[in-house]
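Adding 31 to a residue's 1-based position in the sequence shown gives its number in the working numbering.
Cβ coordinates follow ideal geometry from the N, Cα and C atoms, glycine included.
Here the structure comes first, spelled out in structure tokens, and everything after it is commentary.
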Amino acid sequence: MKVLQINTTANTGSTGRIAEEIGLMFQKQGHESFIACKSVGPSGSTSQIIRIGNKFDEYMHGIKSRGLDRHGFGSKCATENLVNEIDRIDPDIIGLHNVHGYYLNVEILFKYLKAVKKPIVWTLHDCWPFTGHCSHFEYVSCDKWKTECGKCPLYNRYPASWLVDNSKKNFQQKKKLFNGINNLTLVTPSQWLKNQVSESFLSDYQVEVIHNGIDLDCFQPIEKNELISTYGLSEKKVVLGVASVWDRIKGLGYFIDLSKRLDDSFQIILIGLPEKKIKELPANMVGLQRTENVEMLAAFYSAANVFVNTTLVDNFPTTNLEALACGTPVITFDTGGSPESIDDETGTVVPKGDVDALYKAVLNMTSKEKSRYSEKCRARALQYYNKEDRFKDHQNIYESALQTPYIVRGK
Numbered sequence: 032m033k034v035l036q037i038n039t040t041a042n043t044g045s046t047g048r049i050a051e052e053i054g055l056m057f058q059k060q061g062h063e064s065f066i067a068c069k070s071v072g073p074s075g076s077t078s079q080i081i082r083i084g085n086k087f088d089e090y091m092h093g094i095k096s097r098g099l100d101r102h103g104f105g106s107k108c109a110t111e112n113l114v115n116e117i118d119r120i121d122p123d124i125i126g127l128h129n130v131h132g133y134y135l136n137v138e139i140l141f142k143y144l145k146a147v148k149k150p151i152v153w154t155l156h157d158c159w160p161f162t163g164h165c166s167h168f169e170y171v172s173c174d175k176w177k178t179e180c181g182k183c184p185l186y187n188r189y190p191a192s193w194l195v196d197n198s199k200k201n202f203q204q205k206k207k208l209f210n211g212i213n214n215l216t217l218v219t220p221s222q223w224l225k226n227q228v229s230e231s232f233l234s235d236y237q238v239e240v241i242h243n244g245i246d247l248d249c250f251q252p253i254e255k256n257e258l259i260s261t262y263g264l265s266e267k268k269v270v271l272g273v274a275s276v277w278d279r280i281k282g283l284g285y286f287i288d289l290s291k292r293l294d295d296s297f298q299i300i301l302i303g304l305p306e307k308k309i310k311e312l313p314a315n316m317v318g319l320q321r322t323e324n325v326e327m328l329a330a331f332y333s334a335a336n337v338f339v340n341t342t343l344v345d346n347f348p349t350t351n352l353e354a355l356a357c358g359t360p361v362i363t364f365d366t367g368g369s370p371e372s373i374d375d376e377t378g379t380v381v382p383k384g385d386v387d388a389l390y391k392a393v394l395n396m397t398s399k400e401k402s403r404y405s406e407k408c409r410a411r412a413l414q415y416y417n418k419e420d421r422f423k424d425h426q427n428i429y430e431s432a433l434q435t436p437y438i439v440r441g442k
């Protein structure tokens, strides 16, 4: 069997690693795996890579997106070349991930997918497929996507447009393009995102929920943790935050507000900050640059008394899962699918943006011995977030799609 996946990246970033793991899983079963993408991580890929476009193509797509708000409708030549490659490979099934990211023309791609009538599994990692512009709408509590987008309050945010708002036109085209596809199964990482899909123009499709999984051999409690002495944490209650990009949406400001309320018995540590922002942090906060060093991340998760997630938009953040796997309880805003990762014995959910509630939750959770939570956190990770189990779920979806007779779904 030949499996082809399409994503912005392969083996880097969250979606790229998911595509890589799905490909590896099929290879272990003796199947061929192809990943069509814009870029590949530094360690390469075990799948056969099909490069989509180049830097110039990405640049021109960016100009069209920022100038005309036509993200996803550039990269014509790159997508035509991709279609030719798909014909040459003749895969048995096609898996889609992020089809936005300045590298694909969705009109060309989806017209082709309708014509070839192959089984398709589309894993949604955000909301872009059913909006006229944005990848997340929670930030401004917008629900125009339920009926028809227009006058977008987020047109100047990713994928940013500097000049015009074409969200209504984009919405209408995407609705037409993304519906009426044979044997399309949607997969979401959270029940929250599935619920959003059910209220969108994609509601006629079958949707399966597969939570994200992580490597539980890499992310596990570290007993003899050298970080505790290195950073002088033995007498401190450590509050940890981790993000690939810290900005207003990820809630950096809430950590700064929190630092003003916590006394000297606490130490806030943030991972994922650029050097400039590290220098701007208050004296009672420690900032570290982004790292993909899993051993280092596991050490920090293990050293923390509590992991705090202040994101204002998210589907099902893997940072929560990594913290749980290392035996650390989670405090999260009531954002997207983030609360789904924990229960009452492994964390606390607080109202989004409520710093008072966040502060009280930190005090309450750190007033108890961490050992009260650790075993239950690790057990939850073992039960629900083992990547081998979750990628087996993906495999089952692909195999089921292959056996489904031709059916046209969608409005």
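Opposing strand residues paired with residue i [DSSP bridges]
i, result
"residue 67", "37, 81"
"residue 270", "299, 337"
"residue 126", "36, 152"
"residue 304", "None; residue 304 has no bridge partner."
"residue 434", "In DSSP, residue 434 forms no bridge with anything."
"residue 218", "154, 239"
"residue 104", "136"
"residue 245", "417"
Cβ shell of residue i (< 7 Å), same chain only, five flanking positions each side left out
i, result
"residue 330", "253, 256, 258"
"residue 439", "Low confidence applies to residue 439: its pLDDT is 49, below 50, so where it sits in the model is not reliable, and the reading given next is rough at best. Within the same chain, residue 439 has close Cβ partners 211, 213."
"residue 297", "267, 268, 270"
"residue 397", "268, 336, 337"
"residue 169", "343, 344, 366, 367"
"residue 412", "247, 352, 355, 356"
"residue 164", "100, 180, 183, 185, 186, 198, 201"
N-terminal and C-terminal residue of the beta strand (DSSP E) that residue i is part of
i, result
"residue 340", "337-340"
"residue 153", "151-154"
"residue 350", "Counting along the chain, residue 350 falls outside any beta strand (DSSP E), though it belongs to the alpha helix (DSSP H) covering 349-356."
"residue 364", "361-364"
"residue 237", "237-240"
Residues near residue i in its chain [Cβ-Cβ closer than 6 Å; skip 5 each side]
i, result
"residue 103", "131, 137"
"residue 361", "338, 351, 354, 373, 378"
"residue 424", "241"
"residue 281", "274, 342"
"residue 133", "89, 92, 93"
"residue 69", "39, 83, 134"
"residue 46", "38, 128, 129, 156"
"residue 335", "269, 271, 359"
"residue 125", "35, 149, 151"
"residue 392", "362, 379, 381"
"residue 10", "This structure cannot settle anything about residue 10, because the visible part of the chain is limited to 32 through 442."
"residue 57", "34, 64"
Segment limits, alpha helix (DSSP H) that includes residue i
i, result
"residue 257", "257-261"
"residue 376", "Careful: residue 376 lies outside any alpha helix (DSSP H) and carries neither H nor E."
"residue 317", "Element bounds for residue 317: not the alpha helix (DSSP H) but the beta strand (DSSP E), 316-319."
"residue 57", "44-59"
"residue 87", "86-99"
"residue 323", "It is not in any alpha helix (DSSP H) - residue 323 carries neither H nor E in the DSSP assignment."
"residue 114", "107-120"
"residue 279", "Per DSSP, residue 279 belongs to no alpha helix (DSSP H) and is neither H nor E."
"residue 228", "222-229"
Contact set for residue i: own chain, Cβ-Cβ below 8 Å, skip 5 residues either direction
i, result
"residue 99", "192, 194, 195, 197"
"residue 119", "none"
"residue 208", "137, 138, 141, 142"
"residue 382", "364, 365, 388"
"residue 122", "33, 34, 35, 65, 149"
"residue 62", "32, 33, 34"
"residue 328", "250, 273, 302, 322, 353"
"residue 73", "43"
Any non-hydrogen atom of the ligand ZN closer than 6 Å to residue i Cβ
i, result
"residue 96", "In terms of ligand content, the structure shown is empty, and the ligand ZN therefore cannot be addressed."
Does the region 398-416 come within contact of the region 236-244, defined as at least 3 CB pairs closer than 8 Å? As far as the Cβ criterion goes, the region 398-416 touches the region 236-244, which means the pair count is three or higher.
Using a Cβ distance threshold of 8 Å, determine whether the region 298-307 contacts the region 263-282, with at least three qualifying pairs required. yes
Three or more C-beta pairs under 8 Å: does that hold for the region 346-355 against the region 363-372? yes
Is the region 175-195 in contact with the region 377-386, if contact means three or more CB pairs nearer than 8 Å? no
Note down, one range per segment and in chain order, each beta strand (DSSP E) of at least 3 residues found wholly within the region 146-202. 151-154
Assess, as a yes-or-no matter, whether the region 392-407 is touched by the region 232-241 under the definition of 3 or more beta carbon pairs within less than 8 Å. no
Would you say the region 88-97 touches the region 138-158, given that touching needs at least three Cβ pairs under 8 Å? Output reads no: the region 138-158 does not touch the region 88-97.
With a floor of 4 residues, list each alpha helix (DSSP H) that falls wholly inside the region 378-410, ordered by position along the chain. 386-397
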